[in-house]
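Residue numbers (our numbering): 687 to 819.
Heads up, the beta-carbon is just placed ideally off N, CA and C, and yes, glycines get one too.
The next block holds one structure in the form of structure tokens; read it before the comments.
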């Protein structure tokens with residue numbers, strides 16, 4: 687019996703154990719490297735700059751996307767104002783608040799569209815200058 691229990695305490699080494707250990711270590715190293723690369727911050731873009739060195743096309747696209755989102759919010763508030771008017775009457779604070787918010791969103795969307803167009807024109811001018819040189 688003593689010799690039987692000592693066999694159970696012996697560690698058995700199988701041919702694939704070494705390969706599994708190497709694969710586990712490799713996966714650990716890859717995981718650590720991916721984690722570290724995720725911590726690196728990308729180069730930031732100065733959104734207010736009209737410097738052609740920055741990606742003006744990307745900046746214009748960002749402002750256009752924000753403009754579209756605000757127009758959707760304006761439409762939602764205008765729709766809410768119509769519903770509120772049907773429920774609470776035209777003089778309700780909810781109606782005037784929803785209409786004011788819809789106007790604000792629409793005005794802000796127009797301003798963002800103007801900013802986007804300004805950045806797009808800088809991009810077009812920068813590309814023309816590059817082609818001419």
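Remark: C-beta atoms of residue 760 and residue 797 do not approach each other more closely than 9 Å.
No Cβ-Cβ contact shorter than 9 Å links residue 748 with residue 804.
Out of 800, 768, 802 and 801, the CA that lies nearest to the CA of residue 786 is found in 768.
Only buried fits residue 753, as 16 or more other CB atoms lie within 10 angstroms of its CB.
A direct Cα-to-Cα measurement between residue 778 and residue 795 gives close to 26 Å. Assigned with DSSP and collapsed to three states, residue 806 falls in helix.
Residue state for residue 721 is assigned as helix, using DSSP reduced to three classes. When secondary structure is reduced to three states using DSSP, residue 757 falls in the helix class.
Look at residue 783 here: in three-state DSSP terms it is helix. In this model, residue 744 and residue 771 are separated by some 41 Å (Cα to Cα).
Residue 784 counts as buried, since no fewer than 16 other beta carbons sit within 10 angstroms of its beta carbon.
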